[in-house]
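Q: Residue numbers (the working numbering): 8 to 91. For glycine and all other residues, C-beta sits at the position ideal for the given N, C-alpha and C. Note that the structure is a prediction, hence the values are computed from the model and not measured. Sending over a structure as structure tokens; questions will come in a sec.
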Ligand SMILES: [Zn+2]
Ligand SMILES: [Zn+2]
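As structure tokens, this is what we get:
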């Protein structure tokens, strides 16, 4: 993975948050995950599309954030529970 560098002072950015879900309240079906980086020098915050925090669901093969359950399996589990 290439190092993220502050465009202003060219210091290496530090990770603040990985795989942060953006717009989850409004856009449930179309969630975007971002990695949030901060410059230790000027406190500038940079957002990048999350690249390293995705895991592949062993059940259905869906890619999702490691921080949350697989949305497809969660949905299927919910349907199973409703049918019982
Ligand atoms: Zn900076
Ligand atoms: Zn799944």
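#1: If you reduce the DSSP assignment to three classes, tell me which class residue 88 lands in.
#2: Starting from residue 56, trace the beta strand (DSSP E) in both directions and tell me its first and last residue.
#3: Within the present structure, is the beta-carbon of residue 48 separated from the nearest heavy atom of ligand 1 by less than 7 Å?
#4: For residue 10, decide whether its Cβ has a neighbour in chain D, counting only Cβ atoms nearer than 8 Å.
#5: Does at least one heavy atom of ligand 1 sit under 7 Å from the Cβ of residue 15?
#6: Give the DSSP-derived three-state secondary structure of residue 78 in the structure shown.
A: Let me spell this out:
#1: Position 81 of the chain shown, counted from the start, is the residue given in the question as residue 88. Helix at residue 88.
#2: Counting from one through the chain shown, the residue named residue 56 turns up at place 49. Residues 52 to 56.
#3: As a first step, residue 48 must be located in the chain shown, where it is residue number 41. Yes, the Cβ of residue 48 comes within 7 Å of a heavy atom of ligand 1.
#4: Included in the structure is just one protein chain, with no chain D present.
#5: In the chain shown, counting from the first residue as 1, residue 15 sits at position 8. At least one heavy atom of ligand 1 is nearer than 7 Å to the Cβ of residue 15, so yes.
#6: For the purposes of this step, residue 78 is identified with residue 71 of the chain shown, where counting begins at 1. Here residue 78 sits in helix by DSSP.
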